[in-house]
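S.K.: So the sequences go chain by chain: A and B. Okay, so the first sequence: first residue is 3 according to the numbering used here, each after it adds one. Okay, so the second sequence: first residue is 3 according to the numbering used here, each after it adds one.
Number of protein chains: 2
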Amino acid sequence: MVRVTKLTDYGIALMARLANEHGGNQLTAQDLSEAMGIPLPTVRKLLKTLARDDLLESTRGAAGGYKLARTAEEISMMDMVTSLEGPVAMTECSADRDCDCSLQEICGMKENWSFINEQFKNTLKNFSLAQMAGSLAEKQAARDTLSQSLEAET
Amino acid sequence: MVRVTKLTDYGIALMARLANEHGGNQLTAQDLSEAMGIPLPTVRKLLKTLARDDLLESTRGAAGGYKLARTAEEISMMDMVTSLEGPVAMTECSADRDCDCSLQEICGMKENWSFINEQFKNTLKNFSLAQMAGSLAEKQAARDTLSQSLEAET
DNA sequence: CGCAAAGAGTACCGTTTTAGTCTCTTTTGA
DNA sequence: TCAAAAGAGACTAAAACGGTACTCTTTGCG
């Protein structure tokens with residue numbers, strides 16, 4: 003479906019909630035579950051994944067919790083999507099690793115798919131968590147950034 | 003997985019093969035199955051879908067077959083992906099229709115997702131079947147087109 | 001110390017989607 | 001009339017998704 007999974011959507015919503023928590027304030031899985039209306043076990047699973055990939059910093063033990071590992075400006079949609087659902091690859095053959103697609107010899111579209119894949123990855127890279135958690139004004143900034151990066155590339 | 007399904011990949015490969023068939027020459031499902039090494043029943047299913055959405059023209063009966071309904075330049079990746087796997091929507095809430103996402107009130111990211119979704123759709127709209135079936139030189143054209151369209155939008 | 005809160009890791013299961021097949025019908029050229 | 005070919009739709013096995021449960025480790029605090 004060319005779609006991000008529901009869990010990824012949840013995960014990014016959690017990140018956005020954490021991005022709006024200023025001053026290094028931590029939130030527990032419990033806090034986030036209640037704030038976002040997502041079942042606690044699911045929240046835990048997502049936060050664990052995000053922490054393992056160094057997007058979140060976790061503190062264990064009593065008075066533990068989670069906070070962003072970097073500023074929201076320094077975390078891109080690409081980082082989050084990759085963490086939550088693995089490498090972004092439109093097709094088998096556009097993944098980084100070698101693929102075992104039986105059509106590879108015949109179809110000849112690998113490079114074209116890779117090109118489209120890169121375009122898409124750029125869109126995600128140029129959209130930060132800060133923008134995702136933020137306002138319409140910040141969306142305009144993203145648009146400008148993307149536009150510039152494409153010009154630079156050409 | 004932010005991935006196009008295998009069947010969509012196959013479908014586009016079939017379209018590319020038909021794009022390289024010049025002079026209104028028709029190919030049968032059988033021909034395409036043999037040419038691409040994709041099982042016949044699967045090929046049939048895909049061609050039916052593409053024909054129903056007016057990307058292919060079909061002729062029934064003996065000596066029947068399929069050919070492109072328009073030129074390869076006039077068929078975009080967006081047309082094909084949409085036909086083969088339905089509307090492109092990164093999340094439930096970025097589909098055109100109203101969604102029943104329980105987070106809608108809380109997460110506040112709907113507009114941001116829509117924006118990313120539009121960027122992605124533009125990438126697909128600006129890449130034609132001709133480019134997909136064609137050479138590296140044509141890829142550069144796609145890059146230019148996309149870049150221009152983004153500038154215009156800003 | 002010992003308890004309770006909180007994260008880490010992993011395994012499990014029901015549901016949905018995907019990938020692929022099969023059967024039957026309709027159309028049409030020879 | 002027959003055979004080739006498309007159209008429509010049902011059906012099935014396998015994989016992915018969404019969610020849960022269980023066990024273990026870490027740590028603050030009385």
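Positions of the beta carbon are idealized from the N, C-alpha and C atoms, including for glycine. For clarity, every value in this text was computed on a predicted model and none was experimentally measured.
#1: Quick check on this structure: which residue in B:Gly26, B:Phe122 and B:Ala91 has the alpha carbon closest to the alpha carbon of Thr61 of chain B?
#2: Strictly below 8 Å CB to CB, what residues from chain A border Thr125 of chain B?
#3: Can you tell me the Cβ-Cβ gap for Leu57 of chain A and Ile40 of chain A, rounded? I've got them flagged as a contact below 8 Å.
#4: State yes or no: is the beta carbon of Arg5 of chain A nearer than 7 Å to at least one beta carbon in chain B?
#5: Tell me the rounded alpha-carbon separation between Leu138 of chain A and Leu48 of chain A.
#6: Counting only beta-carbon separations shorter than 7 Å, does Ala15 of chain A have a partner in chain B?
#7: Excluding five sequence neighbours on each side, which residues of the same chain lie with their C-beta closer than 7 Å to the C-beta of Ala135 of chain A?
#8: Taking CB distances under 7 Å as the criterion, tell me whether Met38 of chain B reaches chain A.
#9: Anything in the stretch 16-29 of chain B with a Cβ closer than 7 Å to a Cβ of chain A? List those residues in chain order, please.
#10: Hey, is Glu87 of chain B's beta-carbon within less than 7 Å of any beta-carbon in chain A?
#11: Which residues of chain A have a Cβ atom closer than 9 Å to the Cβ of Ala108 of chain B, listed in chain order?
#12: Quick check on Met80 of chain B - is its C-beta less than 7 Å from some C-beta in chain A?
#13: In or out: Ala65 of chain A buried (at least 16 other Cβ within 10 Å) or exposed?
#14: Within the 7 Å Cβ cut-off, does Thr61 of chain A reach chain B?
#15: Can you tell me where the beta strand (DSSP E) with Gly67 of chain A in it begins and where it stops?
#16: Check the Cβ-Cβ distances between Asp11 of chain B and every residue of chain A, and say whether any is below 7 Å.
#17: When you compare only the Cα positions, how much space is there between Met82 of chain B and Arg46 of chain A?
#18: Let's test the definition: count the other Cβ atoms within 10 Å of the Cβ of Gly63 of chain A and tell me whether it reaches 16, buried, or not, exposed.
#19: According to DSSP, Leu29 of chain A sits in a beta bridge with which residue or residues?
#20: Between the stretch 42-66 of chain A and chain B, which residues of the former have a C-beta closer than 7 Å to a C-beta of the latter?
M.R.: According to the structure data:
#1: B:Gly26
#2: Ile118, Gln121, Phe122 and Thr125
#3: In fact, because the Cβ distance is near 17 Å, the residues do not count as touching under 8 Å.
#4: yes
#5: Its pLDDT being 48, under 50, Leu138 of chain A is placed unreliably in this model, and the coordinates cannot settle the point.
#6: yes
#7: Ala18, Ala21, Asn22 and Ala74
#8: yes
#9: Ala18
#10: yes
#11: At residue 108 of chain B the sequence reads Ile, which differs from the Ala that was named. Ala15, Arg19, Ala37, Met38 and Gly39, listed in chain order.
#12: no
#13: exposed
#14: no
#15: Gly67 to Leu70
#16: yes
#17: 39 Å
#18: exposed
#19: A:Tyr68
#20: none
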